[in-house]
């Protein structure tokens, strides 16, 4: 899986929240995993040592649907890029990123 040109050579200290959420969801997609807000937050904390709350991560997931993120991260131009499903026996949701060619 090739890294989008917008992220190539970018140091960890310069990654935006959108960059971090994209990378976490992309890596989870490669493993066939679905992720919730808490697991996304934990992975970001472990990678770039920054803590983000649920509303901020939710906003970043919404951003993935916008044109600037679709272009920057080489996501499908049309259609849904984030799948959402209810967590088993919970009120929360899990998310999965849809990449080009899927």
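Numbering (the working numbering), first residue to last: 323 to 424.
No residue lacks a Cβ here, since even glycine has one placed at the ideal position from N, Cα and C.
Between residue 399 and residue 392, the gap from beta carbon to beta carbon is short of 8 angstroms.
When C-alpha distances from residue 350 are compared across 411, 404 and 413, the shortest belongs to 404. According to the DSSP secondary-structure assignment, residue 357 is paired through a beta bridge with 417.
Boundaries of the beta strand (DSSP E) harbouring residue 408: 404-408, taken from the DSSP string.
With a 10 Å radius around the Cβ and a threshold of 16 neighbouring Cβ atoms, residue 359 comes out buried.
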